[in-house]
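Scroll down for the structure; my scribbles are underneath it.
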Amino acid sequence: MASAVGAPASVQRVTCRLAPFRPAVCRCSIRAAIAFIKPSNRQTASRQAQQHRGQSVRPAAAGADATAAVASPGDYVELNYTVSLDDGTVVDSSEAAGEQACFVLGGSRAVAGFHQAAGGLAVGESRKFVVKAADAYGEHKEELIVEVPRSQAPNGLQEGQVVQLSNGMQATVVGVDDEGVTIDANHPLAGKDLTFDVELTKRIPAAELETAAFGAGCFWGVELVFQRVPGVVQTAVGYSQGRTKNPTYQEVCSGTTGHNEVVQVVYAPAEVSFDQLLDVFWSKHDPTTLNRQGNDVGEQYRSGIYYTTDAQRAAAEASKARQNAKLGGSVVTEIEPIANYSDAEEYHQQYLAKGGRFGQPQSAAKGCTDPIRCYG
């Protein structure tokens with residue numbers, strides 16, 4: 036959530052559970068994005084490695100199963116949490132946010148401190164520890180502070196306002212005068228030690244989860260569709276089926292890498308079947324247009340189902356056959372084992388839920404049926 040105008044950075048409430056933008060950018064890249072500054076409705080957080088000290092574990096309440104398995108990499112977990120500064124100021128909590136931190140342990144969809152906090156806990160147990168700034172949201176970097184000439188900045192910007200750049204990054208306006216506007220793209224908690232206090236409330240073992248990926252055009256809207264599906268526990272947008280390792284968005288868009296824009300979906304088959312996910316996939320796009328969805332043209336927008344198990348492959352082929360029968364044999368969807376997948380840049384992740392191009396977040400609530408605005 037964007038802070039109020041003029042609110043001091045030390046007390047801005049930030050959604051720490053969200054994976055952040057990676058601040059490995061230069062002044063020129065920030066300048067290039069400044070022309071499309073929009074007011075932001077949400078903060079992001081940094082996903083740099085975190086270590087803990089002063090850790091304490093509180094046991095589960097009396098009557099809990101002392102032999103219960105503990106959270107391990109690959110498990111889905113849900114946490115109640117509070118994040119505070121050294122002076123005790125709470126900067127984020129599940130109570131204030133109205134939702135828990137939910138993620139697959141060891142993955143990339145939450146701040147690293149949450150992964151370390153949850154690891155080894157049984158349901159009902161709690162842990163509290165301190166994370167040093169260098170291993171939390173990083174040190175404050177002067178190169179992420181940029182002054183933009185007045186002629187290139189939108190009117191009406193005020194100190195303390197959080198804005199979103201056209202590349203998805205967020206920044207805080209830290210100075211406004213007749214000459215220009217100064218923005219700071221450091222995370223609001225950069226340079227600060229934090230205390231994480233978490234309680235594990237739910238765990239789904241990794242053995243009870245499955246993963247698949249879907250290509251259905253621009254991955255922003257496709258991800259939001261799958262985020263809303265009950266039983267889907269985690270999503271990420273990325274690049275798959277290409278010839279190079281870890282391509283950038285620009286490289287994929289050049290059409291030279293062979294990658295497809297995909298949404299990687301982690302789901303609990305006990306709650307949602309792969310056939311149900313396929314129904315969502317078919318309903319989201321036109322599977323009869325080769326390398327195209329609407330106005331988006333290129334092989335990175337091709338229709339594809341990318342499986343991780345033989346059962347998924349069989350289900351996908353049967354589902355495609357049914358669609359082909361309905362559509363006169365014109366389905367061009369490819370079905371392949373997922374290959375050479377890598378996450379897309381952080382600013383693409385949950386893009387529409389975080390506000391999209393226009394800083395207007397769209398609901399990712401389970402079961403939500405609100406129309407999706409493809410670009411925000």
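Count along the sequence shown from 1, then add 35; that gives the number in my numbering.
Quick reminder that beta carbons are idealized off the backbone N, C-alpha and C, glycines included.
None of the values given here were measured: they were computed from a predicted structure.
Open item on the list: Assuming residue 221 and residue 176 are in contact, meaning their beta carbons sit under 8 Å apart, how far apart are those beta carbons, in whole angstroms?
Closed with: 6 Å
Task: Cα-Cα separation, residue 283 to residue 380 - done: 7 Å
- [ ] Would you give the residue range spanned by the alpha helix (DSSP H) that residue 348 belongs to?
- [x] 345 to 361
Task: Coil, strand or helix - residue 382 by DSSP - done: helix
TODO: Would you mind stating whether residue 311 and residue 271 have Cβ atoms separated by less than 7 Å?
DONE: no
Open item on the list: Using the three-state DSSP reduction, which class does residue 264 fall into: helix, strand or coil?
Closed with: coil
Task: Those runs of the alpha helix (DSSP H) which lie wholly inside the region 295 to 340 and span at least 4 residues - done: 309 to 319
Open item on the list: Buried or exposed for residue 139, going by 16 or more other Cβ atoms inside 10 Å?
Closed with: buried
TODO: Check the Cβ-Cβ distances between residue 138 and every residue of chain B, and say whether any is below 7 Å.
DONE: No chain B appears in the structure shown, which is made up of a single protein chain.
TODO: With a 10 Å radius around its C-beta and 16 neighbouring C-beta atoms as the bar for buried, classify residue 344 as buried or exposed.
DONE: exposed
Open item on the list: Using only CA atoms, which one of 387, 246, 119, 368 lies nearest to residue 269?
Closed with: 246
Open item on the list: Just to check my reading of the structure: residue 18 and residue 223 have Cβ atoms closer than 8 Å, yes? What is that Cβ distance to the nearest angstrom?
Closed with: For residue 18 there is no data in the structure shown, the boundaries of the chain being 36 and 411.
Task: Three-pair Cβ contact test at 8 Å for the region 105 to 120 versus the region 144 to 160 - done: yes
Task: Coarse secondary structure for residue 158, derived from DSSP in three states - done: Of the three classes helix, strand and coil, the one that applies to residue 158 here is coil, per DSSP.
Task: Residue from 171, 226, 342 whose Cα sits closest to the Cα of residue 297 - done: 342
Task: Coarse secondary structure for residue 58, derived from DSSP in three states - done: With a pLDDT of 38 at residue 58, under the threshold of 50, the modelled position of this residue cannot be trusted; read the value that follows with caution. Coil, per DSSP.
Task: Helix, strand or coil at residue 366 [DSSP, three-state] - done: coil
Open item on the list: Could you check whether residue 179 and residue 407 sit closer than 7 Å to each other, using their CB atoms as the reference points?
Closed with: Contact flag unset, no.
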